[in-house]
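Trainee: Please see the structure below; I have some questions.
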Amino acid sequence: MRGIQAFFPPPRKEQAVSDNPSRLLLERWLDRKKRSFDLILTEDILDEYKEVLNRLRVRAAHTGNLIASVRRGGVLVQPWYSVEISPDPTDDIFFAAAIAGKAQGIITANPKPFPPVNGIRILSPKDALKEI
(Lines of atoms letter the chains of each structure in order from A and count residues from 1; the text may use other names and numbers.)
(Lines give C-alpha, C1' and ligand atoms only; values in the text may rest on other atoms or scores of the structure.)
Protein backbone atom coordinates (compact mmCIF):
# COMPACT_ATOMS: atom_id res chain seq x y z
CA MET A 1 0.00 0.00 0.00
CA ARG A 2 1.24 3.46 -0.83
CA GLY A 3 0.20 5.94 1.79
CA ILE A 4 1.20 8.48 4.34
CA GLN A 5 0.97 8.46 8.09
CA ALA A 6 0.15 11.45 10.20
CA PHE A 7 1.50 11.22 13.76
CA PHE A 8 -1.19 12.09 16.28
CA PRO A 9 -2.70 11.97 18.84
CA PRO A 10 -0.64 10.77 21.80
CA PRO A 11 -1.99 7.62 23.45
CA ARG A 12 -4.95 8.04 25.78
CA LYS A 13 -4.17 7.63 29.48
CA GLU A 14 -5.96 4.28 29.61
CA GLN A 15 -4.09 3.02 26.53
CA ALA A 16 -0.65 1.50 26.94
CA VAL A 17 1.96 3.11 24.69
CA SER A 18 2.76 -0.32 23.24
CA ASP A 19 -0.90 -0.67 22.16
CA ASN A 20 -1.04 2.67 20.33
CA PRO A 21 -1.99 1.86 16.71
CA SER A 22 0.04 4.79 15.32
CA ARG A 23 3.10 3.55 17.17
CA LEU A 24 2.52 -0.02 15.99
CA LEU A 25 2.29 1.18 12.38
CA LEU A 26 5.50 3.17 12.72
CA GLU A 27 7.31 0.23 14.31
CA ARG A 28 6.10 -2.07 11.54
CA TRP A 29 7.27 0.41 8.91
CA LEU A 30 10.67 0.87 10.58
CA ASP A 31 11.21 -2.92 10.53
CA ARG A 32 12.10 -3.48 6.87
CA LYS A 33 11.13 -7.16 7.09
CA LYS A 34 7.60 -6.22 8.18
CA ARG A 35 7.26 -3.13 5.98
CA SER A 36 4.22 -3.48 3.76
CA PHE A 37 3.51 0.13 2.87
CA ASP A 38 5.37 3.18 1.60
CA LEU A 39 5.62 6.31 3.67
CA ILE A 40 5.20 9.26 1.30
CA LEU A 41 6.82 12.44 2.58
CA THR A 42 7.50 16.05 1.77
CA GLU A 43 9.80 18.46 3.55
CA ASP A 44 6.69 20.11 5.04
CA ILE A 45 5.53 16.76 6.44
CA LEU A 46 8.95 16.09 7.97
CA ASP A 47 8.79 19.53 9.61
CA GLU A 48 5.30 18.70 10.93
CA TYR A 49 6.59 15.40 12.36
CA LYS A 50 9.44 17.23 14.14
CA GLU A 51 7.00 19.74 15.58
CA VAL A 52 4.64 17.03 16.84
CA LEU A 53 7.47 15.02 18.38
CA ASN A 54 8.72 18.16 20.12
CA ARG A 55 5.21 18.86 21.47
CA LEU A 56 5.12 15.28 22.76
CA ARG A 57 8.43 16.04 24.51
CA VAL A 58 10.37 13.34 22.71
CA ARG A 59 14.09 13.80 23.36
CA ALA A 60 15.84 15.80 20.63
CA ALA A 61 18.32 12.99 19.89
CA HIS A 62 15.51 10.46 19.49
CA THR A 63 13.55 12.88 17.31
CA GLY A 64 16.60 13.42 15.11
CA ASN A 65 17.19 9.68 14.73
CA LEU A 66 13.55 8.98 13.96
CA ILE A 67 13.31 11.77 11.36
CA ALA A 68 16.56 10.56 9.75
CA SER A 69 15.20 6.99 9.55
CA VAL A 70 11.91 8.19 8.11
CA ARG A 71 13.71 10.36 5.55
CA ARG A 72 16.00 7.47 4.50
CA GLY A 73 13.23 4.93 4.12
CA GLY A 74 10.39 7.12 2.94
CA VAL A 75 9.42 8.21 -0.54
CA LEU A 76 10.18 11.93 -0.71
CA VAL A 77 7.93 13.73 -3.19
CA GLN A 78 7.66 17.32 -4.25
CA PRO A 79 4.04 18.33 -4.81
CA TRP A 80 3.80 20.31 -8.02
CA TYR A 81 1.00 22.47 -6.66
CA SER A 82 -0.62 23.32 -3.37
CA VAL A 83 -4.08 22.07 -2.58
CA GLU A 84 -6.92 23.53 -0.56
CA ILE A 85 -8.99 20.46 0.21
CA SER A 86 -9.28 19.92 3.93
CA PRO A 87 -11.48 21.91 6.30
CA ASP A 88 -8.23 22.33 8.28
CA PRO A 89 -5.62 24.03 6.05
CA THR A 90 -2.78 22.45 8.06
CA ASP A 91 -3.87 19.05 6.70
CA ASP A 92 -3.51 20.10 3.07
CA ILE A 93 0.19 19.15 3.03
CA PHE A 94 -0.84 15.52 3.53
CA PHE A 95 -3.30 15.66 0.64
CA ALA A 96 -0.71 17.32 -1.62
CA ALA A 97 1.82 14.59 -0.77
CA ALA A 98 -0.76 11.85 -1.28
CA ILE A 99 -1.67 13.19 -4.72
CA ALA A 100 1.97 13.72 -5.78
CA GLY A 101 2.98 10.28 -4.49
CA LYS A 102 -0.04 8.51 -5.97
CA ALA A 103 -0.99 7.26 -2.51
CA GLN A 104 -3.79 4.79 -2.02
CA GLY A 105 -4.55 6.16 1.42
CA ILE A 106 -3.86 8.59 4.20
CA ILE A 107 -3.59 7.08 7.66
CA THR A 108 -4.64 9.48 10.38
CA ALA A 109 -6.06 9.40 13.88
CA ASN A 110 -7.50 12.85 13.27
CA PRO A 111 -11.24 12.67 13.99
CA LYS A 112 -12.08 15.55 11.62
CA PRO A 113 -13.93 14.51 8.48
CA PHE A 114 -11.76 14.41 5.39
CA PRO A 115 -13.24 14.86 1.94
CA PRO A 116 -12.71 12.11 -0.65
CA VAL A 117 -10.02 13.14 -3.14
CA ASN A 118 -8.70 11.30 -6.21
CA GLY A 119 -9.82 7.95 -4.80
CA ILE A 120 -7.47 8.34 -1.81
CA ARG A 121 -8.88 6.48 1.17
CA ILE A 122 -8.74 7.90 4.68
CA LEU A 123 -7.95 5.20 7.26
CA SER A 124 -7.57 5.25 11.01
CA PRO A 125 -4.36 3.66 12.31
CA LYS A 126 -6.45 0.83 13.76
CA ASP A 127 -8.13 0.13 10.39
CA ALA A 128 -4.81 0.41 8.57
CA LEU A 129 -3.27 -2.21 10.87
CA LYS A 130 -6.04 -4.61 9.86
CA GLU A 131 -5.44 -4.02 6.15
CA ILE A 132 -1.67 -3.79 5.96
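My numbering puts the first residue of the sequence shown at 13, with every later residue one more than the last. Beta carbons: idealized from backbone N, C-alpha and C, even for Gly. It should be emphasised that the depicted structure is a prediction, and the values quoted were computed from it without experimental measurement.
Whose C-beta lies closer than 6 angstroms to the C-beta of V95 among residues of the same chain, with five residues either side of it excluded?
Mentor: The residue given as residue 95 occupies position 83 in the sequence shown. Answer for V95: D104, F107, A108, listed in chain order.
Trainee: Cβ atoms of A140 and I119: under 7 angstroms apart, would you say?
Mentor: Here residue 119 refers to the residue found at position 107 of the sequence shown. Here residue 140 refers to the residue found at position 128 of the sequence shown. In this structure, A140 lies closer than 7 angstroms to I119 by Cβ.
Trainee: Three Cβ pairs or more, each shorter than 8 angstroms: is that satisfied between the stretch 63-77 and the stretch 33-48?
Mentor: no
Trainee: Alpha helix (DSSP H) containing I111: first to last residue?
Mentor: What you label residue 111 is simply residue 99 of the sequence shown in a count that begins at 1. Where I111 is concerned, the enclosing alpha helix (DSSP H) stretches over 104-112.
Trainee: Below 8 angstroms on the Cβ atoms is my contact criterion, and I expect P99 with K124 to pass it. Report the Cβ-Cβ distance as a whole number of Å.
Mentor: Against the sequence shown, residue 99 aligns to sequence position 87. Against the sequence shown, residue 124 aligns to sequence position 112. The Cβ separation is near 6 angstroms, so the contact holds.
Trainee: Going by alpha carbons, who is nearest to Q116 out of I144, R40, T54?
Mentor: Residue 116 sits at position 104 when you count from the first residue of the sequence shown. Of the listed residues, the one whose Cα sits closest to Q116 is I144.
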